[in-house]
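Student: Got a structure here, written out as C-alpha cells. Questions coming.
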Amino acid sequence: MQMEIERRQDEAEARIRAVIMKELCEAMHATNLPPLAVLRLAARSIGSIYREMADAHLGFDRCVCGWQPHAADVELLCMALMTACTQRRTTDLRLMRVEGSA
C-alpha cells in the first residue's frame, strides 16, 4: 500500500513539474524576465493557490473531501521548496524531459 502511495506521489510530482517547467519557459520567452523573477512569481502563485484551496475548505460551504488546512502547512511548503532548491535529485528517468518522439 505504501509503495502505491509513493508511486502515485512520484507520478503526480512528475506531471506537475513538467507542466510548471513548460509554463516557466514560455513565460520567460514571452516576457523576457530573468529566471529568478519568473520563479519568484511561480512561488507567489503557489502561495495564492494554497490560500484559495484553504479558503475552499473552511466555513459553512466548505469542500466535503475532509482536508483541513493547518497553520503548519505554510512551513511545510517552505521546507519542501528549500529542500528541492538545495538537494540534487538522483537520476530518475520518469522526471527527465522527453525530446522528440519515436
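This note's numbering puts the last residue of the sequence shown at 322; the count rises by one with no breaks.
A virtual CB, placed ideally from N, CA and C, is assigned to each residue, including glycine.
Quick check on DSSP: helix, strand or coil for alanine 291?
Tutor: In this structure, DSSP gives alanine 291 a state outside helix and strand, which the three-state scheme calls coil.
Student: Closest to leucine 301 by C-alpha separation, out of Arg264, Cys283, Ala238 and Gln222, would be which residue?
Tutor: Arg264
Student: Contact defined as beta carbons within less than 8 angstroms: I believe alanine 262 pairs with isoleucine 240. What is the distance between those atoms, to the nearest angstrom?
Tutor: 7 angstroms
Student: In this structure, does DSSP put glycine 267 in helix, strand or coil?
Tutor: helix
Student: Which two residues bound the contiguous alpha helix (DSSP H) that contains histidine 277?
Tutor: Element bounds for histidine 277: n/a, residue is neither H nor E.
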